[in-house]
Amino acid sequence: MSKNLVIVESPAKAKTINKYLGKDYKVLASYGHVRDLVPKEGAVDPEHGFAMKYTTIDKNAKHVDTIAKAMKQADALYLATDPDREGEAISWHLYELLKEKGALKDKPVYRVVFHEITPRAIREAMEHPRELSTPLINAQQARRALDYLVGFNLSPLLWKKIATGLSAGRVQSPALRMIVEREEEIEKFISREYWTVEADLARNGEAFPGRLHTLDGQRVKQFDIDNGERAREVEHQLARAAGMALSKSHIDAGEGESPVQSPGTVQVTQVEKKQRRRNPAAPFTTSTLQQEAARKLGFTANRTMRVAQQLYEGIDIGGGVTGLITYMRTDSVNLSQEAVADLRDTIAKRYGEDRLPKAPQVYRTKSKNAQEAHEAIRPTGAFRLPEEVRGKLSDDQFRLYELIWKRAVACQMIPALINTVAVDLACGEGNSFRATGSTIAEPGFMAVYLEGTDDRKPDVGSSERILPPLKEGDKVALERIKPEQHFTEPPPRYTEASLVRALEEYGIGRPSTYAAIISTLQQRKYVELDGKRFRPTDIGRVVNRFLTDHFDRYVDYDFTARLEDDLDAVSRGERDWVPLLEEFWQPFKDKVDEKATISREEVMQSRDLGTDPKTGKPVSVRVGRFGPFVQLGTKDDEEKPRFAGLRPGQSMDKITLEEALELFKLPRDMGETPEGEPMQVNIGRFGPYVRFGNKFVSIKDDDPYTISRERCLELVEEKKRIERERTIRDFEGSDIRILKGRYGPYITNGKKNARIPKDREPESLGLEECEELIAKAPERKGRRRTGGTGRKRSTKA
Numbered sequence: 013m014s015k016n017l018v019i020v021e022s023p024a025k026a027k028t029i030n031k032y033l034g035k036d037y038k039v040l041a042s043y044g045h046v047r048d049l050v051p052k053e054g055a056v057d058p059e060h061g062f063a064m065k066y067t068t069i070d071k072n073a074k075h076v077d078t079i080a081k082a083m084k085q086a087d088a089l090y091l092a093t094d095p096d097r098e099g100e101a102i103s104w105h106l107y108e109l110l111k112e113k114g115a116l117k118d119k120p121v122y123r124v125v126f127h128e129i130t131p132r133a134i135r136e137a138m139e140h141p142r143e144l145s146t147p148l149i150n151a152q153q154a155r156r157a158l159d160y161l162v163g164f165n166l167s168p169l170l171w172k173k174i175a176t177g178l179s180a181g182r183v184q185s186p187a188l189r190m191i192v193e194r195e196e197e198i199e200k201f202i203s204r205e206y207w208t209v210e211a212d213l214a215r216n217g218e219a220f221p222g223r224l225h226t227l228d229g230q231r232v233k234q235f236d237i238d239n240g241e242r243a244r245e246v247e248h249q250l251a252r253a254a255g256m257a258l259s260k261s262h263i264d265a266g267e268g269e270s271p272v273q274s275p276g277t278v279q280v281t282q283v284e285k286k287q288r289r290r291n292p293a294a295p296f297t298t299s300t301l302q303q304e305a306a307r308k309l310g311f312t313a314n315r316t317m318r319v320a321q322q323l324y325e326g327i328d329i330g331g332g333v334t335g336l337i338t339y340m341r342t343d344s345v346n347l348s349q350e351a352v353a354d355l356r357d358t359i360a361k362r363y364g365e366d367r368l369p370k371a372p373q374v375y376r377t378k379s380k381n382a383q384e385a386h387e388a389i390r391p392t393g394a395f396r397l398p399e400e401v402r403g404k405l406s407d408d409q410f411r412l413y414e415l416i417w418k419r420a421v422a423c424q425m426i427p428a429l430i431n432t433v434a435v436d437l438a439c440g441e442g443n444s445f446r447a448t449g450s451t452i453a454e455p456g457f458m459a460v461y462l463e464g465t466d467d468r469k470p471d472v473g474s475s476e477r478i479l480p481p482l483k484e485g486d487k488v489a490l491e492r493i494k495p496e497q498h499f500t501e502p503p504p505r506y507t508e509a510s511l512v513r514a515l516e517e518y519g520i521g522r523p524s525t526y527a528a529i530i531s532t533l534q535q536r537k538y539v540e541l542d543g544k545r546f547r548p549t550d551i552g553r554v555v556n557r558f559l560t561d562h563f564d565r566y567v568d569y570d571f572t573a574r575l576e577d578d579l580d581a582v583s584r585g586e587r588d589w590v591p592l593l594e595e596f597w598q599p600f601k602d603k604v605d606e607k608a609t610i611s612r613e614e615v616m617q618s619r620d621l622g623t624d625p626k627t628g629k630p631v632s633v634r635v636g637r638f639g640p641f642v643q644l645g646t647k648d649d650e651e652k653p654r655f656a657g658l659r660p661g662q663s664m665d666k667i668t669l670e671e672a673l674e675l676f677k678l679p680r681d682m683g684e685t686p687e688g689e690p691m692q693v694n695i696g697r698f699g700p701y702v703r704f705g706n707k708f709v710s711i712k713d714d715d716p717y718t719i720s721r722e723r724c725l726e727l728v729e730e731k732k733r734i735e736r737e738r739t740i741r742d743f744e745g746s747d748i749r750i751l752k753g754r755y756g757p758y759i760t761n762g763k764k765n766a767r768i769p770k771d772r773e774p775e776s777l778g779l780e781e782c783e784e785l786i787a788k789a790p791e792r793k794g795r796r797r798t799g800g801t802g803r804k805r806s807t808k809a
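Numbered per my numbering, the sequence shown spans residues 13 to 809.
#1: Out of Arg135, Pro790, Ala459, point me to the one whose CA is closest to Asn291's CA.
#2: Can you name the residues that DSSP bridges to Glu284?
#3: Could you give the C-beta distance for Val631 and Val642, rounded to a whole number, given that I count them as a contact under 8 Å?
#4: Here's the rule I'm using: 16 or more other beta-carbon atoms within 10 Å means buried, otherwise exposed. How should Leu779 be labelled?
#5: Along the chain, where does the alpha helix (DSSP H) containing Phe743 start, and where does it finish?
#6: For Arg47 versus His105, is the C-beta distance shorter than 7 Å?
#7: Return the CA-CA distance between Ala787 and Ile750, expressed in angstroms with no decimal places.
#8: Within the same chain, show all residues whose beta-carbon is closer than 6 Å to that of Asn150, passing over the 5 residues directly before and after it, in chain order.
#9: Quick one: grab the DSSP three-state call for Ala420.
#10: So, with DSSP's three-state summary, where would you put Asp407?
#11: Using DSSP bridges, identify the partner residues of Gly699.
#12: Taking only three categories from DSSP, how would you classify Ile4?
#13: Taking 7 Å as the threshold (C-beta atoms), are Gln303 and Arg513 in contact?
#14: What did DSSP end up calling Met458 once you bin it into helix, strand or coil?
#15: With DSSP as the reference, identify every bridge partner of Glu218, one or two as the case may be.
#16: Please say whether Ala672 and Val593 have beta carbons closer to each other than 7 Å?
#17: When you compare each of Gly519, Gly456, Ser450 to Arg477 by their alpha carbons, which one comes out closest?
#18: Quick one: complete beta strand (DSSP E) runs, 3+ long, within the region 70–149?
#19: Looking only at its chain, what residues have a beta carbon closer than 6 Å to the beta carbon of Pro120, apart from the 5 residues adjacent to it on each side?
#20: Indicate the three-state DSSP secondary structure (helix, strand or coil) for Leu10 in the structure shown.
#21: Whose CA, out of Met190, Thr627, Glu247, lies closest to the CA of Ala211?
#22: Is it right to say Glu576 is buried, meaning 16 or more other beta carbons lie within 10 angstroms of its own, or is it exposed?
#23: Could you give the DSSP three-state label for Phe296: helix, strand or coil?
#24: Could you tell me how far apart the beta carbons of Val18 and Tyr37 are, in whole angstroms, since I believe they sit closer than 8 Å?
#25: If you drop the 5 nearest sequence neighbours on each side, which residues of the same chain put their C-beta closer than 6 Å to that of Ser185?
#26: Distance, Cα to Cα, Ala422 vs Pro372?
#27: Straight-line CA distance for Ala294 to Leu368?
#28: For Asp354, count the other beta carbons within 10 Å of its own beta carbon; 16 or more makes it buried, fewer makes it exposed. Which is it?
#29: Using C-beta distances below 8 Å, list every residue in its chain close to Phe395, excluding the 5 sequence neighbours before and after it, in chain order.
#30: Taking its Cβ as the centre, do 16 or more other Cβ atoms sit within 10 Å of Asp436, making it buried, or is it exposed?
#31: Alpha carbon to alpha carbon, how far is Lys763 from Arg547? Give it in angstroms, no decimals.
#32: Hey, which unbroken runs of the beta strand (DSSP E) at 3 residues or more fall wholly within the region 505–549?
#33: Quick check on the burial criterion: 16 or more other C-beta atoms within 10 angstroms. Buried or exposed for Thr392?
#34: With the cut-off set at 7 Å, would you say Asn765 and Asp747 are in Cβ contact?
#35: Inspect the beta-carbon positions of Lys752 and Arg741 and report whether they are closer than 7 Å.
#36: Measuring only the C-alpha atoms, how far is Ala254 from Arg215?
Encoded structure:
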């Protein structure tokens, strides 16, 4: 019997820690959360102090039972779940369940936390236990209650007013608003033309570029030269001033390609040299790791956290499983003294003593709620060089470990020193070009890591621009003047990295929730990735418009950030959680009640596209319960209006009248098959199809709007061939057939299927016997309505 029972979250971690602690300890896993709110209304009761009704999570009930059984035989309980708010909550929920089961009695219960899975860290944690943190538990309960109250009140409203299966979340909704507003900003953007004037310069055979800096005594601003005609005027003015000979064809050319010019001369008027320091970036937090892994490795936030979890929980690199990085959910950039000493030792041995600053670099976290007792994400041992453990890691594990190792090592190295030079070259009175260059005097940390760029390049200075030696008064050849046209561009759509950064800057959510926020938006089909950038879908726009029009306060960035700050204050013990919920609940409930009375027509986004020239009826685009569609006619017409769903890639905000009318060309009559069956092309709940007689064949690689009759006949014939090969026996004049199925032969009449008796050969069955077997067969279970997506609709908030 083990004297001490230790609980962690994952079985992999349990196995590793069990080896570290020895025979006096038994380590079991909770497999994550063990208890959650009951999944129905009333789980949080605002009328009774926001009492919360919890239930054991079904899939983990057996693990709780295992822990309870082991606890009855142990002398003490050590709760060692993850060192964050969620981990504290898991420990508390397990503690409450074990109390309910009578497994604790008067046995001591300790809370221990470790930020890395190494023998030293675990030993220190076990030697310094504490009690469960009530402020952290209350903060997690408050967060869970708020998410529940928002989800279970707003989501049903979305179902009634827009479409079933939608959801609204306390932090996901402001994140959706960010993406939609960026898309609207892009759509409203008006591009402006501007021109730059570049110069090809050379000194003693060394070529280098320059750019027009001043013109007629004034510094050139972005839109000073805003058309081709003005650009040519400036080109001619500078060419004359530099003594360049222009051909007549060049002078008459106007806009367009510049012909060859004979060289002129400009003179150096100023050489300004500076040396600047570039300091290393702080070690990783959860947010900066997600951003950098997205930029450098192309990882999603989910992928980053999944791989980081593996590195944290431990990998067998020889000599047993060991954790390779510290805990990956942190907003602190703090490093322990032991970690700094380890990093400095590794730097001295690998890169030389001269790359070490005299004193360690100290980083401070800007976040008010950052817990400085936590550490940044770092290797548990800097001596474990990435290349030395590569053979024991998967490709993803190696790449992320290398990224974390390099960032941590670089943060304790000396700054880089960069020599910069700016040279002004006069081209006539009041005109000058400017050439800039830089060289790396001392790479410092850049020898290991460059933020946001590919730091695997062997020569960190290879991309620097070097100018030839120049001094005031030097004559420089002006070989060519090149006016170049440009257009301003709209702001870019969010990538995962830039969205995570924006969420952090606005204070929306917390680093540990960013991956879940992004996943939820994608799962709900509110956003989609277009070239690794987020674009809102039509349904995402409608949901956002509904929330911003009717619940503007609750998708307001500042309101959401203040609420996060209030929850952080609860976790620090500075605020009570129940009064916080009371402040939020009543105004929110009043708003929900008020908006319950608005009509669906008020909510639904619709857009008039114009009039159908054939019928004179109005054409509009709107969102229905199963997605966006176009409508021909109105509900007040004698004839019912016609409807057609949008095609993939079409947007209700951009579709034109002509494109909408094209959608009404279905169904298309395609004549008859050789057997005389009428043939038709249409789109159904499960996609486009060809109907022949009362049978169907799916259209997979062809466009239903343009598919030819010949192609339809090919698809029909292929379908018939497959059916012939599947058919064992047909009964003329009857719907009953004997077919080959995935699990063997069977009888069907198109509505019910019947098994064939084991003692009978399929070919020997007659019609009467088949009819009897069909009559006895159970009714086929109906296919659940899915609204055309083929997926079950969620009722979860």
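All C-beta atoms in this analysis are idealised placements derived from N, C-alpha and C, irrespective of residue type, glycine included.
A quick look at the data gives this:
#1: Working through the sequence shown from its first residue, we reach residue 291 at position 279. If we check each option's Cα against that of Asn291, Ala459 comes out closest.
#2: Here residue 284 corresponds to residue number 272 of the sequence shown, with the count starting at 1. Note: Glu284 sits in a beta bridge opposite Ala434.
#3: Within the sequence shown, numbered from 1, the residue matching residue 631 stands at position 619. Within the sequence shown, numbered from 1, the residue matching residue 642 stands at position 630. Sure, about 6 Å apart at Cβ, within 8 Å.
#4: Within the sequence shown, the letter at position 767 stands for residue 779. The residue in question, Leu779, is exposed, as its Cβ has fewer than 16 Cβ neighbours within 10 Å.
#5: In the sequence shown, the residue the question calls residue 743 occupies position 731. Element bounds for Phe743: n/a, residue is neither H nor E.
#6: Locating residue 47 in the sequence shown gives position 35, where the first residue counts as 1. Locating residue 105 in the sequence shown gives position 93, where the first residue counts as 1. A contact, by the Cβ cut-off of 7 Å.
#7: Start at 1 with the first residue of the sequence shown, and residue 787 comes out as number 775. Start at 1 with the first residue of the sequence shown, and residue 750 comes out as number 738. Distance between the alpha carbons of Ala787 and Ile750: 15 Å.
#8: Here residue 150 corresponds to residue number 138 of the sequence shown, with the count starting at 1. Excluding positions up to five away in sequence, the list reads Val582, Trp589.
#9: Taking the sequence shown and counting its residues from 1, one reaches residue 420 at position 408. The answer is helix: DSSP assigns Ala420 an H, G or I state.
#10: Position 395 of the sequence shown, counting from 1, holds the residue named residue 407. In this structure, Asp407 counts as helix in the three-state DSSP scheme.
#11: Residue mapping note: residue 699 aligns to position 687 of the sequence shown, counting from 1. Per DSSP, Gly696.
#12: Summary: the structure shown does not reach residue 4, with the chain confined to residues 13 through 809, and so no result is reported for it.
#13: As a position in the sequence shown, residue 513 is number 501, starting the count at 1. As a position in the sequence shown, residue 303 is number 291, starting the count at 1. Closer than 7 Å, so yes.
#14: As a first step, residue 458 must be located in the sequence shown, where it is residue number 446. Met458: helix per DSSP, three-state reduction.
#15: The residue you call residue 218 lines up with position 206 of the sequence shown. In the DSSP output, where bridge partners are listed per residue, Glu218 has Arg215.
#16: Taking the first residue of the sequence shown as 1, we reach residue 593 at position 581. Taking the first residue of the sequence shown as 1, we reach residue 672 at position 660. For clarity, residue 593 is Leu in the given sequence; the question names Val instead. With contacts defined as CB atoms closer than 7 Å, Leu593 and Ala672 fail to qualify as a contacting pair.
#17: Residue mapping note: residue 477 aligns to position 465 of the sequence shown, counting from 1. Of the candidates Gly519, Gly456, Ser450, the one whose C-alpha sits nearest the C-alpha of Arg477 is Ser450.
#18: 88–91, 121–123
#19: Counting from 1 along the sequence shown, the entry for residue 120 is found at position 108. Taken in chain order, the residues that qualify are Ala88.
#20: Residue 10 is absent from the model: the chain starts at 13 and stops at 809.
#21: Against the sequence shown, residue 211 aligns to sequence position 199. Residue Glu247 is the option with its Cα nearest to Ala211.
#22: In the sequence shown, residue 576 corresponds to position 564, counting from 1. Here Glu576 is buried: its Cβ has 16 or more other Cβ atoms, across all protein chains shown, within 10 Å.
#23: For the purposes of this step, residue 296 is taken as the residue at position 284 of the sequence shown. Of the three classes helix, strand and coil, the one that applies to Phe296 here is strand, per DSSP.
#24: Walking along the sequence shown from the start, residue 18 turns up at place 6. Walking along the sequence shown from the start, residue 37 turns up at place 25. Contact holds; Cβ gap of about 5 Å.
#25: Residue mapping note: residue 185 aligns to position 173 of the sequence shown, counting from 1. Hits under 6 Å: Leu559, Val567.
#26: For the purposes of this step, residue 422 is identified with residue 410 of the sequence shown, where counting begins at 1. For the purposes of this step, residue 372 is identified with residue 360 of the sequence shown, where counting begins at 1. Cα to Cα, Ala422 sits roughly 12 Å from Pro372.
#27: For the purposes of this step, residue 294 is taken as residue 282 along the sequence shown, with counting starting at 1. For the purposes of this step, residue 368 is taken as residue 356 along the sequence shown, with counting starting at 1. Cα-Cα distance, rounded: 16 Å.
#28: On the sequence shown, residue 354 is found 342 positions in, with the first residue counted as 1. With 16 or more Cβ atoms within 10 Å of its Cβ, Asp354 is classed as buried.
#29: Translated into the one-based positions of the sequence shown, residue 395 becomes position 383. Asp354, Asp357, Thr358, listed in sequence order.
#30: As a working mapping, residue 436 is identified with position 424 in the sequence shown. With 16 or more Cβ atoms within 10 Å of its Cβ, Asp436 is classed as buried.
#31: Counting from 1 along the sequence shown, the entry for residue 547 is found at position 535. Counting from 1 along the sequence shown, the entry for residue 763 is found at position 751. In a straight line, the C-alpha of Arg547 is about 43 Å away from that of Lys763.
#32: 539–541, 546–548
#33: Against the sequence shown, residue 392 aligns to sequence position 380. It is buried - the Cβ of Thr392 has at least 16 other Cβ atoms within 10 Å.
#34: Within the sequence shown, the letter at position 753 stands for residue 765. Within the sequence shown, the letter at position 735 stands for residue 747. Taking 7 Å as the Cβ cut-off, Asn765 and Asp747 do not qualify as a contacting pair.
#35: As a working note, residue 752 is residue 740 in the sequence shown. As a working note, residue 741 is residue 729 in the sequence shown. It is not a contact, given that the beta carbons lie outside the stated cut-off.
#36: As a working mapping, residue 254 is identified with position 242 in the sequence shown. As a working mapping, residue 215 is identified with position 203 in the sequence shown. Taking the straight line joining both Cα atoms gives about 15 Å.
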